[in-house]
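*Asks:* I'd like to ask you about the structure that follows.
Numbering (my numbering), first residue to last: 596 to 785.
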């Protein structure tokens, strides 16, 4: 892996259930920590536009041609607005790595989807579980990742290359802070 690669991290910010939209941010970093670009936007809370908004926000960065990968915090933005990782990888022509701090409880997730989205639960659940999670050891606690459009070994190397301290990659840490900047809950999740 080259010593300096450009990676974009996408995350949502804090929002309330009653909000119609949730903030999102995309931070392009020249690994491991030099910030190249910041883009902000929003998604519908529990909507269907997360994939489109993620594509748009990355394209607006002006660095698409130089990017080597996309990192996404989880597979949802703004509640249960599910990102289609395969479509994101295909349209951007980049590997997409989704990260989570804990392995999800799939039974609870399915029950919540059936309760809150009875007409759309099956589609959302399929998108949430398309890619198998794998454990990534870090200097702190382990995290879990899935990859679309790339290889697991490359995803692990990318996670390690973009993690400055602790266990969470810097592009995602910064994206969360920026997306949450207007909220009283704005703080690092690391």
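Using N, Cα and C, we set each Cβ at its ideal position, and we do this for glycine too.
#1: Is the beta carbon of residue 633 less than 8 Å from the beta carbon of residue 620?
#2: Alpha carbon to alpha carbon, what distance is there between residue 706 and residue 725?
#3: Indicate the three-state DSSP secondary structure (helix, strand or coil) for residue 626 in the structure shown.
#4: Where do the ends of the alpha helix (DSSP H) carrying residue 685 lie?
#5: Counting Cβ pairs, one atom from each stretch, are 3 or more of them under 8 Å apart for the region 736-756 and the region 683-693?
#6: Within the chosen definition, does the region 721-737 reach the region 677-685 through at least 3 CB pairs nearer than 8 Å?
#7: Assuming residue 673 contacts residue 642 under a Cβ cut-off of 8 Å, what Cβ separation, rounded to an integer in Å, is found between them?
#8: Report buried or exposed for residue 748, applying the criterion of at least 16 other Cβ atoms within 10 angstroms of its Cβ.
#9: I think residue 719 touches residue 677, with their Cβ atoms under 8 Å apart; what is that distance to the nearest whole Å?
#10: Rounded to the nearest angstrom, how far is the Cβ of residue 766 from that of residue 603, given a contact under 8 Å?
#11: Alpha carbon to alpha carbon, what distance is there between residue 763 and residue 753?
#12: Given residue 709, which residues of its chain have a CB within under 8 Å of its CB, disregarding the five upstream and five downstream residues?
#13: Going by Cα to Cα distance, which pick from 730, 713, 606 is closest to residue 699?
#14: Are the CB atoms of residue 605 and residue 649 nearer to each other than 8 Å?
#15: Going by beta-carbon coordinates alone, are residue 622 and residue 770 separated by less than 8 Å?
#16: Looking only at its own chain, which residues have a Cβ that is under 7 Å from the Cβ of residue 661, when we skip the five neighbours before and after it?
#17: Kindly indicate which three-state DSSP category residue 668 falls into: helix, strand or coil?
#18: Helix, strand or coil: which one does DSSP assign to residue 705?
#19: Which one of 675, 668, 722, 688 has the shortest CA to CA distance from residue 697?
#20: Let's see if you can read the secondary structure: which residues bound the alpha helix (DSSP H) around residue 757?
*Replies:* In short:
#1: yes
#2: The alpha-carbon atoms of residue 725 and residue 706 are separated by roughly 17 Å.
#3: coil
#4: 680-687
#5: Between the region 736-756 and the region 683-693, the count of C-beta pairs closer than 8 Å reaches three or more; the two stretches touch.
#6: yes
#7: 7 Å
#8: exposed
#9: 5 Å
#10: 6 Å
#11: 12 Å
#12: 716
#13: Of the listed residues, the one whose Cα sits closest to residue 699 is 730.
#14: yes
#15: Yes.
#16: Here the set comprises 601.
#17: strand
#18: helix
#19: 668
#20: 747-757
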